[in-house]
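Q: Under this note's numbering, the final residue of the sequence shown carries the number 160; numbering is consecutive throughout.
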Amino acid sequence: DMTFQNTRLYGCGTYGIVADGLFGLDFLESTIDGCSYGIMQFHNSQDLLFADSVFKDNEMYDLITFGSTQNVAINRCVFENNTSDQDALFIAPASRNIIVRESVFIGNSAPSLTTELSNVQFIDNNIEEGQFGVGAPGE
Numbered sequence: 022d023m024t025f026q027n028t029r030l031y032g033c034g035t036y037g038i039v040a041d042g043l044f045g046l047d048f049l050e051s052t053i054d055g056c057s058y059g060i061m062q063f064h065n066s067q068d069l070l071f072a073d074s075v076f077k078d079n080e081m082y083d084l085i086t087f088g089s090t091q092n093v094a095i096n097r098c099v100f101e102n103n104t105s106d107q108d109a110l111f112i113a114p115a116s117r118n119i120i121v122r123e124s125v126f127i128g129n130s131a132p133s134l135t136t137e138l139s140n141v142q143f144i145d146n147n148i149e150e151g152q153f154g155v156g157a158p159g160e
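Shown next as structure tokens:
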């Protein structure tokens, strides 16, 4: 189990968080910004909570990846000015029960919000138009 609260993870390197086999994470009232490869990557992990946090000014490749990961809750977060010219904002192959709820998406740029093979649910979010490719939820 890990907890980040009122923490800033500033990039100037690759990813904000990379984890494999993590069971239990609380990322609360915290920020990931300025990462040059992406925001986060989790593989073979479960029971992850992101709440009241900000993800901004990150760029380049796979921004958010949940591979073979389950039970992820992203609640009341802000995604702002993140850019990927290669893939979706959320990539979640072989994952389940990933829910993004009551979050705000402003000024992001990516070919799509999520991929066809990703099992990500979006509930009651505010998604500014024109950020993602055709067919993104909320556009």
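Each residue gets a CB set at the ideal place from its N, CA and C atoms; glycine is no exception.
None of the values given here were measured: they were computed from a predicted structure.
Of all the options T104, E50, N96 and L49, which has the alpha carbon lying nearest to the alpha carbon of G59?
A: Nearest of T104, E50, N96 and L49 to G59, Cα basis: T104.
Q: Could you check what DSSP says for R165 in three-state terms: helix, strand or coil?
A: The structure shown does not extend to residue 165, since the chain spans only 22 to 160, so no value can be given for it.
Q: The beta strand (DSSP E) spanning D47 covers which residue range?
A: From DSSP, the beta strand (DSSP E) with D47 extends over F44 to L49.
Q: S74 and L49 - do their beta-carbons sit closer together than 8 Å?
A: Yes, Cβ-Cβ distance for L49 and S74 is below 8 Å.
Q: Report the residue from M81, G55, R117 and S124 whose alpha carbon sits nearest the alpha carbon of I144.
A: Answer by Cα proximity: S124.
Q: Based on the DSSP secondary-structure assignment, which residues constitute the bridge partners of L70?
A: L70 pairs with D47 and A94.
Q: Start and end of the beta strand (DSSP E) containing F126?
A: Start and end: V125 to I127.
Q: Span of the beta strand (DSSP E) holding N118?
A: Segment R117 to R122, the beta strand (DSSP E) holding N118.
Q: Let's test the definition: count the other Cβ atoms within 10 Å of the Cβ of I120 and tell me whether it reaches 16, buried, or not, exposed.
A: It counts as exposed.
Q: Does the separation of the CB atoms of S116 and F87 fall below 8 Å?
A: In this structure, F87 lies closer than 8 Å to S116 by Cβ.
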